[in-house]
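The sequence shown begins at 1 in the numbering used here and counts up by one. We put the beta carbon where it would ideally sit given N, CA and C, even for glycine. Heads up: the structure comes next, in structure tokens.
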Amino acid sequence: MTTDQLLLLLVTMVAVLLILAIIGGAGLAYVVWRRLRGRYRPRTASAPPPVVAPAPAAQAAPAGPSRATDEPIPKGDVPGDDPRILALGLEAPTSTEAVFRNLDRIKPLLREEVAESDRIGRTTPLAGRALRATGVYLWTVPASRGGLDASYVDRLEAVAQVGRIDAGMAWIVHWLSAHSELTGRLDEESFAELYPTIDLPTVFSATPPARAVEVDGDTYRIEGARWRLGSGGYHADRWLAGANVFTASGEPVINEATGAHKAIGVWLPADKLRQIDDWNPLGLRSSGSASYELTGPVDVPRRWSFEITGDMSAYFFPFMGVMLGAAQHLVDLTLQFVRSKRRAGVATGSHDVTALADAMTSLDMLTLGLRGYAQYIDRVRAERGGVFTAEDAAWIHNVGLPVRETIMKVRDITSDIYGTGYVAAGSEFGRVLRDIQVGLAHAWFRRSDALDLRLRHMTVVLDSPRFSPIWDGGWPVELRADSSSPS
């Protein structure tokens with residue numbers, strides 16, 4: 001075959017291959033086009049499907065507090081001779097031991113009343129009477145007035161025990177108990193007038209302070225006043241309120257010792273007061289911390305008051321038990337949750353175990369630390385007649401900060417562990433979380449809007465040559481002989 005013939009054959013073969021490639025490519029393109037055309041073919045208009053009205057959804061159980069805005073809140077508590085109270089078999093509160101035994105007896109009832117208390121925004125009348133019957137409201141009345149003058153160790157423990165059931169109930173246990181101690185500020189005549197019996201729970205709010213005008217030499221006139229955050233007011237028989245004092249000409253009265261505007265707590269006649277059902281918060285609902293206001297101007301004897309400017313007392317301290325009990329409650333629920341998983345054969349990860357151990361040991365240290373502080377306060381009461389130095393008061397008034405930090409740590413750890421199963425709306429765990437969130441807004445725990453107060457306290461600590469930390473006193477703490485008077 002000649003060269004020309006070979007070239008012709010090669011050209012022919014290439015031409016045939018090109019033709020076949022073109023035909024194959026065209027066929028493949030056609031197939032792809034058909035598939036794409038079928039996938040994205042525009043929808044033809046069609047009649048819309050008939051609209052079927054959905055069936056009404058079943059009414060879900062309320063996820064949280066659900067008291068109707070027009071539902072009246074009951075005032076007061078059930079009578080002391082209510083059969084349900086008598087059935088508890090409580091002792092006469094003639095000793096602190098008897099009060100604790102009574103608290104143990106009513107705990108099942110308190111647990112049963114928690115949900116309704118949270119719903120209506122106050123501790124129920126039944127639970128309120130049960131708490132009152134234990135004697136825990138009046139055991140802080142000074143011994144000179146016929147009370148038990150309970151130790152701060154016992155007060156802290158009682159508040160924490162109730163807080164482990166419900167923080168709102170513990171809130172009112174503390175404040176009604178603390179206010180009973182204030183009866184020691186009255187002279188004999190005024191005490192006899194206001195307290196024919198010591199079993200008269202007393203509410204006290206100084207937020208915001210009213211104007212108390214000096215008139216007639218021995219009288220204060222107060223008018224147009226409303227006080228917020230009256231914790232325990234639904235259970236109270238006596239009403240205290242805070243006020244700043246002014247002269248008849250409108251000038252502020254100054255405390256000569258401190259240079260501060262004179263502030264007083266004053267007992268007001270109950271028939272001149274009206275409670276306002278305005279307590280509707282996220283948490284601590286059972287505390288029933290509603291406002292109260294005067295229904296008209298009122299004149300009260302000055303001897304029905306006491307000065308609170310520069311107060312060095314530690315009556316607030318057992319309040320720490322509210323948050324302590326709430327944190328213990330979270331740990332209780334988390335332990336139940338983890339143990340139930342383990343019983344069901346569900347593996348517990350090392351993170352959950354070690355984190356829970358961290359929360360529990362931190363809470364142990366906080367509990368022991370607060371008990372130690374309470375013992376220190378009791379030593380001051382026994383050896384100095386309850387007189388705190390400015391350094392003592394400054395140190396103790398800052399205790400809310402470490403409490404806050406530990407509570408937040410426990411809350412975060414337990415929420416992380418418990419939350420892996422999701423916290424159900426309206427659950428017990430969720431309620432405790434709500435209570436802690438609102439409790440942390442109190443000035444004793446809050447950082448915002450409270451730094452100036454803590455700055456003043458710590459300035460005393462830093463500038464005083466007499467100050468020494470509590471741990472310098474050994475154990476049990478020995479009070480320094482050169483720190484026996486206020487500065």
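Three-pair Cβ contact test at 8 Å for the stretch 157-172 versus the stretch 275-295: yes
Integer Cβ distance of Val141 from Ile73, believed to fall under 8 Å: Start at 1 with the first residue of the sequence shown, and residue 141 comes out as number 141. Start at 1 with the first residue of the sequence shown, and residue 73 comes out as number 73. At roughly 28 Å, the Cβ-Cβ gap does not stay under 8 Å, so Val141 and Ile73 are not in contact.
Proximal residues to Arg67 (C-beta, below 7 Å), its chain only, five neighbours per side dropped: Here the question's residue 67 lines up with position 67 in the sequence shown. Here the set comprises Arg119, Ile120, Gly121.
Burial state of Asp218, where buried means 16 or more other Cβ atoms lie within 10 Å: Here residue 218 refers to the residue found at position 218 when the sequence shown is read from its first residue. Asp218 should be labelled exposed.
Range covered by the alpha helix (DSSP H) that runs through Asn102: Taking the sequence shown and counting its residues from 1, one reaches residue 102 at position 102. First-last of the alpha helix (DSSP H) with Asn102: 96-120.
Endpoints, the beta strand (DSSP E) within which Leu240 is located: Translated into positions along the sequence shown, residue 240 becomes position 240. From DSSP, the beta strand (DSSP E) with Leu240 extends over 238-246.
Delimiting residues of the beta strand (DSSP E) encompassing Asp195: Numbered from 1 along the sequence shown, position 195 holds the residue referred to as residue 195. It is Tyr, not Asp, that sits at residue 195 in the sequence shown. Careful: Tyr195 lies outside any beta strand (DSSP E) and carries neither H nor E.
Cβ neighbours of Leu103 in the same chain (closer than 8 Å, five flanking residues each side left out): Counted from its first residue, the sequence shown places residue 103 at position 103. Closer than 8 Å at Cβ, skipping near neighbours: Thr134, Val136, Ala158, Gln161, Val162.
Close-in-space but distant-in-sequence residues of the same chain around Leu333 (CB under 8 Å, 5 per side omitted): Residue 333 sits at position 333 when you count from the first residue of the sequence shown. Contacts found: Thr414, Tyr418, Glu428, Phe429, Val432.
DSSP state of Leu368 mapped onto helix, strand, coil: Locating residue 368 in the sequence shown gives position 368, counting from the first residue. Residue state, collapsed to three classes: helix.
Test item: CB-CB of Leu109 and Ala127 under 8 Å: Start at 1 with the first residue of the sequence shown, and residue 109 comes out as number 109. Start at 1 with the first residue of the sequence shown, and residue 127 comes out as number 127. In this structure, Ala127 lies closer than 8 Å to Leu109 by Cβ.
Euclidean distance between Cα positions of Val173 and Leu131: Start at 1 with the first residue of the sequence shown, and residue 173 comes out as number 173. Start at 1 with the first residue of the sequence shown, and residue 131 comes out as number 131. Distance between the alpha carbons of Val173 and Leu131 is about 8 Å.
Member of Ile436, Val266, Gly250 whose CA lies at the smallest distance from the CA of Ser190: Working through the sequence shown from its first residue, we reach residue 190 at position 190. Comparing Cα positions, the closest option is Val266.
Exposed unless 16 or more other CB atoms sit within 10 angstroms - verdict on Pro201: For this step, residue 201 is matched to residue 201 along the sequence shown. Answer is buried; the Cβ neighbour count reaches 16.
Limits of the unbroken beta strand (DSSP E) element including Leu229: Within the sequence shown, the letter at position 229 stands for residue 229. Leu229 -> beta strand (DSSP E) spans 226-230.
Contact under 8 Å by Cβ, Arg303 with Tyr292: Along the sequence shown, one-based indexing puts residue 303 at 303. Along the sequence shown, one-based indexing puts residue 292 at 292. No, Cβ-Cβ distance for Arg303 and Tyr292 is not below 8 Å.
Inter-residue Cα distance where the pair is Val213 and Gly296: By one-based count along the sequence shown, residue 213 stands at place 213. By one-based count along the sequence shown, residue 296 stands at place 296. Distance between the alpha carbons of Val213 and Gly296: 15 Å.
From Val410, Asp278, Thr247, residue whose alpha carbon lies closest to that of Gly325: The residue you call residue 325 lines up with position 325 of the sequence shown. Among Val410, Asp278, Thr247, the Cα nearest to that of Gly325 is on Val410.
Burial state of Gln336, where buried means 16 or more other Cβ atoms lie within 10 Å: Counting from 1 along the sequence shown, the entry for residue 336 is found at position 336. So Gln336 counts as exposed.
Reference Asp392, options Ala441, Gly147, Pro469, closest by Cα: By one-based count along the sequence shown, residue 392 stands at place 392. The shortest C-alpha separation from Asp392 is found at Pro469.
Straight-line gap, Asp299 to Tyr220 (C-alpha atoms, nearest Å): Counted from its first residue, the sequence shown places residue 299 at position 299. Counted from its first residue, the sequence shown places residue 220 at position 220. Their Cα atoms are separated by approximately 6 Å.
C-beta contact flag for Tyr152 and Phe317 at 8 Å: Here the question's residue 152 lines up with position 152 in the sequence shown. Here the question's residue 317 lines up with position 317 in the sequence shown. A contact, by the Cβ cut-off of 8 Å.
Cβ-Cβ separation, Glu223 to Ile264 (assumed contact under 8 Å), whole Å: For this step, residue 264 is matched to residue 264 along the sequence shown. For this step, residue 223 is matched to residue 223 along the sequence shown. The Cβ separation is near 15 Å, so there is no contact.
Residue burial classification, Gly349 (beta-carbon count within 10 angstroms, cutoff 16): As a position in the sequence shown, residue 349 is number 349, starting the count at 1. Label assigned to Gly349: exposed.
Whole-angstrom distance between Met408 and His442, CA atom to CA atom: Residue 442 sits at position 442 when you count from the first residue of the sequence shown. Residue 408 sits at position 408 when you count from the first residue of the sequence shown. C-alpha separation (whole angstroms): 14 Å.
Cβ contact (3+ pairs, closer than 8 Å) linking the stretch 339-355 and the stretch 399-408: no
Completely contained beta strand (DSSP E) runs for the stretch 289-324, where each covers 3 or more residues: 290-294, 298-301, 305-307
Contact under 8 Å by Cβ, Ala225 with Ala206: Locating residue 225 in the sequence shown gives position 225, counting from the first residue. Locating residue 206 in the sequence shown gives position 206, counting from the first residue. For Ala225 and Ala206, no; Cβs fall outside 8 Å.
CB contact flag (Ala374, His457, <8 Å): Taking the sequence shown and counting its residues from 1, the one referred to as residue 374 is at position 374. Taking the sequence shown and counting its residues from 1, the one referred to as residue 457 is at position 457. No, the pair does not count as a contact, with Cβ atoms beyond the cut-off.
Cβ separation of Trp139 and Ser231, assumed to be a contact under 8 Å, to the nearest whole Å: Stepping through the sequence shown from its first residue, residue 139 is reached at position 139. Stepping through the sequence shown from its first residue, residue 231 is reached at position 231. Actually they are not in contact, since the Cβ atoms of Trp139 and Ser231 sit about 18 Å apart, beyond 8 Å.
Start and end residues, beta strand (DSSP E) containing Pro208: As a working mapping, residue 208 is identified with position 208 in the sequence shown. Segment 202-215, the beta strand (DSSP E) holding Pro208.
Boundaries of the alpha helix (DSSP H) in which Val438 is found, first to last residue: One-based indexing of the sequence shown puts residue 438 at position 438. That run of the alpha helix (DSSP H) goes 428-439.
Exposed unless 16 or more other CB atoms sit within 10 angstroms - verdict on Pro48: The residue labelled residue 48 in the question sits at position 48 within the sequence shown. Note on Pro48: pLDDT 44, under 50, position unreliable in the model; the coordinate value appears next. Under this definition Pro48 is an exposed residue.
Where the beta strand (DSSP E) containing Val78 begins and where it ends: Reading the sequence shown from its first residue, position 78 is the one you call residue 78. Segment: none, Val78 is in no beta strand (DSSP E) and carries neither H nor E.
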